[in-house]
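K.L.:
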Amino acid sequence: MRETSRSLVVVLAARGLAPVIQLFALYVVFHGHYSPGGGFQGGVLLAAAFVLVRLAGGYETGRHQITRRAGPLLGAAGVLLFAAVGAAAFLTGGNLLDHGRVPVPGFAPAELRSVMILVIEVGVAIAVAAVLTAIYDELLGSEDDD
Amino acid sequence: MTWPIELVLYVVLVLTALASLEVKNLLAASVTLTAFSFVCALLMLSVGAVDVAFTEAVVGAGLVGVFYIVAIFRTTRRSAD
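Residue numbers (the working numbering), protein chains in the order written: chain A, 17 to 162; chain B, 909 to 989.
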């Protein structure tokens with residue numbers, strides 16, 4: 017878990033599976049409006065891919081995807097993206113998350129609602145993926161604390 | 909006419925739950941708990957809750973199993989009692 021696995025089977029299976037899981041995670045996030053899935057499930061799938069790479073390749077490989085320091089920061093950034101999209105409708109005179117009123121040129125209200133929900137889903141996915149990867153890192157602990 | 913499949917799934921659900929409670933090896937317990945989660949997801953799928961089933965399969969059978977195994981890796985592998 018901490019260094020690269022010695023088993024060739026584990027490394028090759030992770031190398032083959034991780035890109036497929038990440039692509040499917042993006043599909044789940046971006047089709048969350050009208051099919052099963054959404055931000056949370058896509059984010060967990062993305063975190064599963066990150067954790068798979070960390071299990072097989074150790075932190076030295078996994079830090080190229082998301083570093084230990086970036087986990088809590090990206091989690092906060094995802095929550096802030098959600099809050100900012102909610103507050104955009106709030107500050108322009110509507111109710112919270114009522115995006116039809118936000119004056120963005122070139123969008124009909126229904127289109128705007130659809131696009132803003134997509135942004136919210138992306139924020140949720142970023143937060144969930146980053147926080148779950150950070151939980152894995154914290155569970156495993158650092159190199160020098162045992 | 910899916911009730912025979914659901915009956916089999918309910919039986920497997922109870923069996924995996926009892927196995928994860930009774931087994932003394934914690935690694936085996938976490939693996940059977942993952943199997944429990946997966947059967948639970950299939951049952952939710954059979955009653956039409958596709959979104960819940962998806963979440964259960966991804967979280968319960970995917971990521972939480974890894975977290976259990978990491979926790980066992982950080983402690984000891986067999987239960988004390």
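Beta carbons are placed, not taken as given, at the ideal position from N, Cα and C, and that holds for glycine.
For clarity, every value in this text was computed on a predicted model and none was experimentally measured.
1) Kindly indicate if chain A contains any beta-carbon less than 8 Å away from that of residue 971/B.
2) Please list the residues of the stretch 975–988 of chain B that have a C-beta atom closer than 8 Å to any C-beta atom in chain A, keeping them in chain order.
3) Please report the residue range of the alpha helix (DSSP H) in which residue 57/A lies.
4) Beta-carbon within less than 7 Å of residue 57/A's beta-carbon, same chain only, minus the 5 sequence neighbours each way: which residues are those?
5) Going along chain A, which residues have a C-beta under 7 Å from residue 962/B?
6) Using a beta-carbon distance below 8 Å, is residue 94/A in contact with chain B?
7) Let me see if you follow: with CB-CB separation under 8 Å, is residue 939/B close to chain A or not?
8) Could you tell me the distance, in whole angstroms, from the CA atom of residue 33/A to the CA atom of residue 65/A?
9) Would residue 67/A pass as an interface residue toward chain B - the criterion being a Cβ-Cβ separation below 8 Å?
P.N.:
Let's see:
1) Numbered from 1 along the second sequence, position 63 holds the residue referred to as residue 971/B. At a cut-off of 8 Å between beta carbons, residue 971/B contacts chain A.
2) 975, 978, 979, 981 and 982
3) As a working mapping, residue 57/A is identified with position 41 in the first sequence. First-last of the alpha helix (DSSP H) with residue 57/A: 55–78.
4) What you label residue 57/A is simply residue 41 of the first sequence in a count that begins at 1. Only 44 meet the Cβ criterion.
5) Locating residue 962/B in the second sequence gives position 54, where the first residue counts as 1. In chain order: 52, 53 and 57.
6) As a working mapping, residue 94/A is identified with position 78 in the first sequence. Contacts with chain B at 8 Å (Cβ-Cβ) do not include residue 94/A.
7) Here residue 939/B refers to the residue found at position 31 of the second sequence. It does not; no Cβ of chain A falls within 8 Å.
8) To locate residue 33/A, count along the first sequence from 1; it is residue 17. To locate residue 65/A, count along the first sequence from 1; it is residue 49. The alpha-carbon atoms of residue 33/A and residue 65/A are separated by roughly 8 Å.
9) As a first step, residue 67/A must be located in the first sequence, where it is residue number 51. Yes, residue 67/A counts as interfacial toward chain B.
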